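So the sequence shown is numbered by our numbering: it starts at 103 and just counts up by one. Glycine residues also receive a C-beta, built at the ideal position from the N, C-alpha and C atoms. Fair warning: this is a prediction, and the values are worked out from it, not measured in the lab. Working notes for the structure below.
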Amino acid sequence: MESPSSRRPDVAGLAIAFILLALAGLIWWDLSRLQLNAVYGVGPKAMPMVVAAGLGILAIGNAIAAFRGDLPERESLQWQPIILIIGGLAVMMGFIHFGVGFILATTVLFAATAAAFGRRAFLVDLAIGFVLGLIIYVVFSKLLALSLPMGPIERLL
Numbered sequence: 103m104e105s106p107s108s109r110r111p112d113v114a115g116l117a118i119a120f121i122l123l124a125l126a127g128l129i130w131w132d133l134s135r136l137q138l139n140a141v142y143g144v145g146p147k148a149m150p151m152v153v154a155a156g157l158g159i160l161a162i163g164n165a166i167a168a169f170r171g172d173l174p175e176r177e178s179l180q181w182q183p184i185i186l187i188i189g190g191l192a193v194m195m196g197f198i199h200f201g202v203g204f205i206l207a208t209t210v211l212f213a214a215t216a217a218a219f220g221r222r223a224f225l226v227d228l229a230i231g232f233v234l235g236l237i238i239y240v241v242f243s244k245l246l247a248l249s250l251p252m253g254p255i256e257r258l259l
């Protein structure tokens, strides 16, 4: 058994802590450049402050755990789920770029992500993704009046 003084810091854990801290700093810096003033109470700067502070706290906690050697052992890397999710995102971006529409793009992304997590009912996942994409489109486009990429299905709605 190793004594606490002979343990070496977890380099990967320290790298993750540094990345989290850099991301918190970037958000805080970008937030400081905003020229928005809240007239009533909490303004649009509040949420980025919360996110930056949370990332900073996570960075500090991760660094402490890395120095103590308290981080859990990492599992071996599996490339197939990563490729499925990145491929789903690429297809989604392509569908949106070429005018296929938000609903079908979301359908493919949902099915690819479900497959990446080990689910093997691809046709059922396509149907679930379609329904979720339709619901999201209706809520954002019709109820909130936000503009989402349109395709043939969206034009029918």
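Check                                                                                                                            : Outcome
Gly-253, DSSP secondary structure in three states                                                                                : coil
Residues near Leu-259 by beta carbon distance below 6 angstroms, same chain, minus five either side                              : none
Gly-115 (DSSP reduced to helix, strand or coil)                                                                                  : helix
Neighbourhood of Ile-255 by C-beta distance below 7 angstroms, restricted to the same chain and skipping five residues each side : Gly-203, Ile-205 and Leu-206
CB of Phe-232 within 8 angstroms of CB of Thr-209, strictly                                                                      : yes
Inter-stretch contact (C-beta, 8 angstroms, three-pair minimum) for the region 193-203 and the region 168-182                    : no
Buried/exposed call for Leu-122, threshold 16 Cβ in 10 Å                                                                         : buried
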